[in-house]
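The block underneath contains the structure these notes are about, expressed in structure tokens.
Number of protein chains: 2
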Amino acid sequence: MSATNTGVPSPLDTALPTPVPSGEHEQCPVTDVLRRIGDKWTVLVVVLLGQRPYRFNELHRGIEGISQRMLTRTLRGLEADGLVRREVFATVPPSVEYSLTPMGATLLEPLSALADWAIENQPAIAASRRATSARTNNLSAG
Amino acid sequence: MSATNTGVPSPLDTALPTPVPSGEHEQCPVTDVLRRIGDKWTVLVVVLLGQRPYRFNELHRGIEGISQRMLTRTLRGLEADGLVRREVFATVPPSVEYSLTPMGATLLEPLSALADWAIENQPAIAASRRATSARTNNLSAG
DNA sequence: CTGAATCCCTAACGATACTG
DNA sequence: CAGTATCGTTAGGGATTCAG
Numbered sequence: 550m551s552a553t554n555t556g557v558p559s560p561l562d563t564a565l566p567t568p569v570p571s572g573e574h575e576q577c578p579v580t581d582v583l584r585r586i587g588d589k590w591t592v593l594v595v596v597l598l599g600q601r602p603y604r605f606n607e608l609h610r611g612i613e614g615i616s617q618r619m620l621t622r623t624l625r626g627l628e629a630d631g632l633v634r635r636e637v638f639a640t641v642p643p644s645v646e647y648s649l650t651p652m653g654a655t656l657l658e659p660l661s662a663l664a665d666w667a668i669e670n671q672p673a674i675a676a677s678r679r680a681t682s683a684r685t686n687n688l689s690a691g
Numbered sequence: 550m551s552a553t554n555t556g557v558p559s560p561l562d563t564a565l566p567t568p569v570p571s572g573e574h575e576q577c578p579v580t581d582v583l584r585r586i587g588d589k590w591t592v593l594v595v596v597l598l599g600q601r602p603y604r605f606n607e608l609h610r611g612i613e614g615i616s617q618r619m620l621t622r623t624l625r626g627l628e629a630d631g632l633v634r635r636e637v638f639a640t641v642p643p644s645v646e647y648s649l650t651p652m653g654a655t656l657l658e659p660l661s662a663l664a665d666w667a668i669e670n671q672p673a674i675a676a677s678r679r680a681t682s683a684r685t686n687n688l689s690a691g
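Printed below as a string of structure tokens:
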């Protein structure tokens, strides 16, 4: 199972030559993507759009806690990256439909792998965090 | 290839029942993990430690641009999550060795899938971004 | 060598109000 | 309905300094 250096061909090696890229402003694509999808809402939006196209307020209602501002920014970012398509229908109450592009849809697969890992390991992680904070409290208390 | 709703069993569906979890403070494990590994340095550290154990300053030199502060915080976070193990050797110049735990090593696999995707799609994403900013400039200029 | 502590800046985020 | 504009708060992150 160990993916350290035997099992996995590791495309990460390709992305991280030797000392780590990050020359100055040019980050490696992996980091770039991680920072994009690591924000607070992008994954939720992508996952919802993976089910079917959504309209703006539909997403707004579907993602509890998101503000219009952040929903707009998230969608704009995904659109700029070519992961989401935005279709405007000039109807009388104007409506806008968002959907994944083909490239956006392919993101669901690696995302699923990571989600799988997250779900599987979340209990262990949570337990580890609790143990750590308990240990920290002990140090404070004596 | 479409992973929209036919090909992939989508563990995301498990994580996102219908309207999206996020009751109030309790986020879904996927979002939680994404925010953890989506920060600026975690992935780089995990990838390096995936090759072999590293000492503190070795990591510091290996990851160009990281500050001691952030390296420490990143390692502490990973340690608290049970993904990284910290071993202190009480030698005369004290040395500390960091390595992936077994659970940490399993993270390399889904990370590779995502890295694969990132590397493969990075050109398209970059092109899309350029096209978008060019379009924005056109609106401003004309 | 391996950090912890402090200060400061910026980007991200959220709430609210306003517009086509 | 689908946004934009503005403002205030907070969290992430960097530089520097100090300590075991």
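Line order of the protein sequences matches chains A and B.
Take any residue in the first sequence, count from 1 to its spot, add 549: that is its number in my numbering.
Take any residue in the second sequence, count from 1 to its spot, add 549: that is its number in my numbering.
For every residue, glycine included, the Cβ atom is placed at its ideal position computed from N, Cα and C.
Rounded to the nearest angstrom, the gap between the Cα atoms of aspartate 630 (chain B) and serine 682 (chain A) is 11 Å.
Below 8 Å, too few C-beta pairs join the stretch 661-674 of chain A and the stretch 602-620 of chain A to call them touching: fewer than three. By the beta-carbon neighbour count (other beta carbons within 10 angstroms, threshold 16), asparagine 670 (chain A) is buried. Glutamate 613 (chain B) and alanine 680 (chain A) have their C-alpha atoms some 32 Å from each other. Non-local C-beta neighbours of arginine 634 (chain B) in its own chain, meaning closer than 6 Å and more than five positions away in sequence, comprise Ser648, Thr650, ordered along the chain. Leucine 632 (chain B) places its beta carbon less than 8 Å from that of methionine 652 (chain B). Just so you know, the alpha carbons of glycine 626 (chain B) and valine 595 (chain B) end up roughly 12 Å apart. Between valine 592 (chain A) and threonine 591 (chain B), the C-beta gap is not smaller than 8 Å, which leaves the two residues out of contact.
For glutamate 646 (chain B), the uninterrupted beta strand (DSSP E) segment begins and ends at 644-649.
In the DSSP assignment, glutamate 636 (chain B) falls within the beta strand (DSSP E) that extends over 633-638. With respect to chain A, the C-beta atom of valine 641 (chain B) has no partner C-beta closer than 8 Å.
When the alpha-carbon of leucine 597 (chain A) is set against those of A:Leu583, A:Thr685, A:Leu656, A:Ala675, the nearest one is in A:Leu656.
Counting the other Cβ atoms within 10 Å of the Cβ of alanine 667 (chain B) gives 16 or more, which makes it buried.
As the crow flies, the alpha-carbon of arginine 585 (chain B) is around 31 Å from that of glutamate 646 (chain A). Nearest Cα to isoleucine 674 (chain A) within the set B:Ala675, B:Pro642, B:Glu628: B:Glu628. Between proline 643 (chain A) and cysteine 577 (chain B), the alpha-carbon positions lie close to 33 Å from each other.
Counting along the chain, glutamine 617 (chain B) sits inside the alpha helix (DSSP H) bounded by residues 617-629.
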